[in-house]
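Residue numbers (the numbering used here), protein chains in the order written: chain A, 36 to 528; chain B, 7 to 647.
Beta carbons are placed, not taken as given, at the ideal position from N, Cα and C, and that holds for glycine.
From a predicted model like this one, the values you see are computed outputs, not experimental measurements.
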């Protein structure tokens, strides 16, 4: 299959949206495009598994086009199991995002156009095998977010949009300096070429932090996470879903695929810093979440805490922990998108997101409440849902590191499961359970598009939680290969 | 018979109930949903009984032991090269015994609920949750992998949460559900860390392999775990202590017991199933399952013993003063689980692990008489519509079946011959007498107290002054009475089962025998307890009030449950939230975000400064020009050489 299809479909959809005269056509095009994307990704997975069962390759569906020959920049794309699973996540979140925005009434054309554009950026990012291409798509995904928050947002949206765009741009700037450094050292942007290069240790020590922090800002690395709460809280529902579900994963994926993969010496050298920062994010993020009274702020801070697991897994950098980090990216993407969708549905009906102002919704909104509770249970790591699988893998992986302080960091991170339980139950106890407020007795439950959105995400969460061996089959070896590649370089040195 | 199909049927019948009734909670109406669930659970219970019969009697012992049978194994999750979570189904004596207990009590509770929950709005959802619980509990029992236990451990926790919060619009029920989940979650954290420690050194998550590796006297893994350590305590001890914390949380041992009395906010049949007979004994089950490893650490065994005996005594004192009948039963559950715990703690090779056998025997008998007590209490509550003791009285004429069955259960828990509790408690006391005399004395006192508070309950409900109740309410339907009678039957015969030849630890086992000379003391103490209760509560009198005057402060402390809840509340409300949560939120808002905003403002002010310079006034530009020349001149004259 041609990977370019995945870029062409959102592009054509975006153009189609701009040209279409009616709002209903806009919606239908978006929905059709996102369904096609999901099918394409599914087909991609199927094809990859097929050809892998014949002979294992590092990359599938590879394509190379000359882009800027004088700079040795190529449009090099190709996927492996990790990239495909991130693309499945993207397809699910985009589909759910389109569905929950079905009734968007303010500038619907532009809104769906930007959503399609975002998905284009994300697919391109995950399939890029040339770090310049990767950077290109990373940038492509920032600008639509600024607009989505600035135009369709709520609360202090100008401030949040500006903050988000500036912080992410700062991250991009760091990444760009890092990429330039790599290019000057190795005269190539190609990941395949670069992975065979061993960078001098002094070079790695200098450039690794740039790349890691640069991508880390996207992934809410502590203490560069403050764009997360404001950005998510101000964004419209679909944009929040996209931000937390996919955008933050771009950062984690970049940290893993570019920073730690290319510079394993530095990854090991800086591991203590990363582990300390991510433990801070996990536990401190959880405690800050505890004090939030706005549902969106709560989920945003809980994203900071959960993305800490991704960084912890990457920081510890062994096979199990890296695998856990990837699982956590997928799991958190699905779970947090579902959570934001549920919060959006509640907000749409009650016009408030303040926990103390809500109450007893289960009586009137059984479907939405159930979705909210399942997302919450996934967040607190209930077995059978995706969060458990991911978090436990990170814990076991980081426990494999024998040094005492990593053990302590692991225990502290484990302790977050208790704090998470407290804030999730506190919110559900107030919002979902308890006596219903009089103003809410006439509310009506989810309609078809909201149900569909939730069901797609729920399916992902349940499949991953009940059958983790499926993902193991898709990405297990490849996660191991990343670490092995890293340590191989170390051994050869 | 002992094949994987039958076990899968037992395991998945409740799960299918959960799926069907959960998804169709609005389309499937009562009583259809309840009937489906009850019939399938009765089927599962029947199958379990058959399996028990096949396993213990038909198949029998091989070389003096019941061999474990592994029926199923699938690598569910693989961590690196060594650790794997295998979803497995393993039958061994402990599992088979628990299988019978869980399915039969669950079936009885399903049956009872047909009448008890009639007319409830979320009737179908209730049965769905019961199915989820039963499935999770069975999964926990059949697990052959430590992490698999943890998985189902969490699932029983969440089903308990859902069922306690069944009356979700009642704030007290919501609070109780949250409390139960959070307290046990805290304990589960210990369990998780314990798993991490043990599996790291044992290099496996499979329970049988883990036990084999860690108990091998000169194995590399067992040496590693005993030599590694932190703060002067070996890794083995740390790991076991952590796992015990997990078990103590689920089994409501002091000081993690605070969730259990509040959990009584759930529907009464749920209390009978989850918070009396099955889930709360999971901690005992866990310690028993890993007993060969626990046995390696004498100090952990002591920890288990003293936690157990303290909880038993402590809960018995509180139970004497509570007026909510379900809370009395909750504290009595905690007390009885305390018995099971310390009995495991004192089990040692000298007396062929009598304590181990006695503990599980008590678990077995307790499941029947305690669920009977709860269902009886449920029948009473169903009739009176109140949990308060002082609203009851003189009910023996109105609810004859409940009265007789409740009396028998009370006699059983008080340890009166020939009811089930007598036999198991007898064994526990005997084992303790040989192993640890001070613990034995406290256990004896507790047993007297047990008789007193149980008969205080019994006399207050069924004797004393008759309180007016709604004459339209009767004792309940046949589906409510039948489980009571069946459980009463179990209570009558359970003690006579040859339990000690089924479940034992080590190579040889002692056959049960009643040592009448020894039994005299506990029996007479229990009788004394009953007589005192009768003296105070059989007829309304001023005796109670007089004694309370005399007791004063002690009564108040016990009535307020030793203020443990208040201490926890103080820690969370006065320490955790204001001293950790609030500062963290403050730091995030003001320091970290403040820095971000500060950088933004700083850049902004540079912009203002530079913009100010581009004023368009010729004089300003001339000034900058001259200042620049001056600066360069100073530089060239004084600094540059």
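Can you tell me where the beta strand (DSSP E) with residue 85 (chain B) in it begins and where it stops?
75-85
Any alpha helix (DSSP H) of 4 or more consecutive residues that is wholly inside the region 403-444 of chain B
406-420, 426-441
Count the CB pairs spanning the region 440-457 of chain A and the region 364-375 of chain A that are closer than 8 Å, and state whether there are at least three.
Fewer than three Cβ pairs drawn from the region 440-457 of chain A and the region 364-375 of chain A lie within less than 8 Å of each other, which leaves the two stretches out of contact.
Please state the DSSP three-state secondary structure of residue 272 (chain A).
Of the three classes helix, strand and coil, the one that applies to residue 272 (chain A) here is helix, per DSSP.
Under 8 Å, Cβ to Cβ, is there at least one residue of chain B near residue 296 (chain A)?
no
With 8 Å set as the bound, which would you pick, yes or no: does the beta-carbon of residue 17 (chain B) sit closer than that to a beta-carbon of chain A?
no
Are residue 570 (chain B) and residue 461 (chain B) close, meaning C-beta to C-beta below 8 Å?
no
When the Cα atoms are used, what is the spatial distance from residue 333 (chain B) to residue 327 (chain B)?
10 Å
Rounded distance between the beta-carbons of residue 239 (chain A) and residue 298 (chain A), thought under 8 Å
4 Å
Give the secondary structure of residue 596 (chain B) by DSSP, where H, G and I count as helix, E and B as strand, and everything else as coil.
helix
Take the Cβ of residue 222 (chain A) as the centre, count every other Cβ of all protein chains shown within 10 Å, and call the residue buried at 16 or more, exposed below.
exposed
Mapping DSSP to helix, strand and coil, what is residue 235 (chain B)?
strand
Fully enclosed by the region 348-420 of chain A, which beta strand (DSSP E) runs are 3 residues long or longer?
none
Drop a sphere of 10 angstroms on the beta-carbon of residue 642 (chain B), count the other beta-carbons inside from all chains shown, and report buried for 16 or more, exposed for fewer.
Residue 642 (chain B) is exposed by the Cβ-count criterion.
Could you tell me if residue 443 (chain B) is buried or exposed, where buried requires 16 or more neighbouring beta carbons within 10 angstroms of its beta carbon?
exposed
Within chain B, partners of residue 449 (chain A) - CB distance below 7 Å:
195, 198, 199
Looking only at its chain, what residues have a beta carbon closer than 7 Å to the beta carbon of residue 230 (chain B), apart from the 5 residues adjacent to it on each side?
207
Once the 5 residues before and after residue 528 (chain A) are set aside, which same chain residues still bring their CB inside 7 Å of it?
Since pLDDT at residue 528 (chain A) reaches only 44, below the 50 mark, its modelled position is unreliable, and no value is offered.
Report the rounded CA-to-CA distance for residue 532 (chain A) versus residue 354 (chain A), giving the unit in angstroms.
Absent from the structure is residue 532 (chain A), since the part of chain A shown begins at 36 and ends at 528.
With DSSP as the reference, label residue 90 (chain B) as helix, strand or coil.
strand
Go to residue 368 (chain B), then tell me how far its alpha helix (DSSP H) extends in each direction, as first and last residue.
Run containing residue 368 (chain B): 360-390, per the alpha helix (DSSP H) assignment.
Spatial distance of residue 389 (chain B) from residue 405 (chain B) (CA atoms)
9 Å
Please classify residue 485 (chain A): is it buried, with 16 or more other beta-carbons within 10 angstroms of its beta-carbon, or exposed?
buried
Using a Cβ-Cβ cut-off of 6 Å (strictly less than) and excluding sequence neighbours within five positions of residue 330 (chain A), which residues of its own chain qualify?
378, 388
Given a threshold of 16 other Cβ atoms within 10 Å of its Cβ, counted over all protein chains shown, does residue 333 (chain A) qualify as buried or as exposed?
With 16 or more Cβ atoms within 10 Å of its Cβ, residue 333 (chain A) is classed as buried.
With respect to the alpha helix (DSSP H) encompassing residue 467 (chain A), which residues constitute its N-terminal and C-terminal limits?
It is not in any alpha helix (DSSP H) - residue 467 (chain A) carries neither H nor E in the DSSP assignment.
On the criterion of 16 or more Cβ atoms from any shown chain inside 10 Å, does residue 612 (chain B) qualify as buried, or is it exposed?
Result: exposed.
Quick one: is residue 429 (chain A) buried, meaning 16 or more other Cβ sit within 10 Å of its Cβ, or exposed?
When all chains shown are included, residue 429 (chain A) counts as buried.
For a contact meaning CB atoms closer than 8 Å, what does residue 139 (chain B) contact in chain A?
Residues of chain A passing the Cβ test: none, with the nearest at roughly 14 Å.
Three-state secondary structure (DSSP) at residue 60 (chain B)?
helix
Would you say residue 173 (chain A) and residue 207 (chain A) are within 8 Å of each other, going by their C-beta atoms?
yes
Going along chain A, which residues have a C-beta under 7 Å from residue 206 (chain B)?
434
Stretch pair the region 288-298 of chain B + the region 358-374 of chain B: three plus CB contacts closer than 8 Å
yes
Measuring CB atoms only, is the region 292-312 of chain B touching the region 271-282 of chain B, in the sense that at least three cross pairs come out at less than 8 Å?
no
Count Cβ pairs between the region 46-61 of chain A and the region 99-110 of chain A that sit closer than 8 Å; are there 3 or more?
no
With burial defined as no fewer than 16 other Cβ atoms inside 10 Å of the residue's Cβ, what is the status of residue 359 (chain B): buried or exposed?
buried
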